[in-house]
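A.B. asks:
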Amino acid sequence: MLAGGTALAACVGGDHQSLSATLLLGTLTIGLGHSLIEEIKRQARRTSNGWTREDTTNAVLLGVWAELALLMTILVVGTTPTRAVGLALAVAYGAACGYFVTERRRTIAAATPVQDEVVAVAVTERAPTTVEMDVIDAGFPQRRHPGHSGHAPTAGSFADHAG
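Position in the sequence shown counted from 1, then plus 108, gives you my numbering.
As structure tokens, this is what we get:
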């Protein structure tokens, strides 16, 4: 919305603005548009367990902005540059909505097989025995040799067995 408002301000000024003000507002519009695209990418590529309420909200907002820009272009009597900017905004918001939905669906589809694969690997692998892994007793890692199956001795255990 901010990018659209800035774009309209850049083209509506006409004779009332200098060329530098129009160029500045146009540059600001391009920067805001870039920020919007980056945020759409970030939202579409985030990890989650499928399509969420936030995804629906993002898609609906982008669609409503596209529709509002189109309605304003049709209903508001304005100059040809104003209508051109309104039409460009409608197309841009519609394309952003389509891009978000497509990219989000790709992200969800790409994440699903990996999760299934991790579960399958976790189920099929056996747990390591104490002989194969480092066992930590009293905060110190101790390496087990293959013939040893009991717990590692602690500092007080020798005194207890010595007699």
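Note that the Cβ used here is the ideal one computed from N, Cα and C, for glycine as well.
Determine the direct distance from the alpha carbon of G158 to that of A219, and round the result to whole angstroms.
C.D. replies: 9 Å
A.B. asks: Can the beta-carbon of G202 be found less than 9 Å from the beta-carbon of L170?
C.D. replies: yes
A.B. asks: Measuring straight from C-alpha to C-alpha, what distance separates R212 and A177?
C.D. replies: Straight across, the Cα-Cα distance linking R212 with A177 is about 24 Å.
A.B. asks: Note the first and the last residue of the continuous alpha helix (DSSP H) segment covering S143.
C.D. replies: First-last of the alpha helix (DSSP H) with S143: L127 to A152.
A.B. asks: Go ahead and label A144 buried or exposed: buried means 16 or more other beta carbons lie within 10 angstroms of its beta carbon, across all protein chains shown.
C.D. replies: For the record, residue 144 in the displayed sequence is Leu; it is not Ala. Label assigned to L144: buried.
A.B. asks: Do T215 and L195 come within 9 Å of each other at the CB atom, strictly closer than that value?
C.D. replies: No, the pair does not count as a contact, with Cβ atoms beyond the cut-off.
A.B. asks: On the three-state DSSP scale, how would you describe N157?
C.D. replies: coil
A.B. asks: Consult DSSP for M241 and reduce its assignment to one of helix, strand or coil.
C.D. replies: Residue placement at M241 is poorly supported in this model, since its pLDDT is 49, which falls under 50; the coordinates still yield a value, given next. Of the three classes helix, strand and coil, the one that applies to M241 here is coil, per DSSP.
A.B. asks: If I measure Cβ to Cβ from R153 and keep anything under 6 Å in the same chain, skipping five residues before and after, which residues do I get?
C.D. replies: T215
A.B. asks: Output the distance between the C-alpha atoms of R150 and N166, rounded to the nearest integer angstrom.
C.D. replies: 12 Å
A.B. asks: For A204, is the classification buried or exposed, using 16 other Cβ atoms within 10 angstroms of its Cβ as the cut-off for buried?
C.D. replies: buried
A.B. asks: Using CA coordinates, which residue listed in T190, G186, D163 and V184 is at the minimum distance from T210?
C.D. replies: D163
A.B. asks: When the distance is taken between beta carbons, is F208 closer than 9 Å to I138?
C.D. replies: no
A.B. asks: Give the straight-line distance between the Cα atoms of T188 and L197, rounded to the nearest whole angstrom.
C.D. replies: 14 Å
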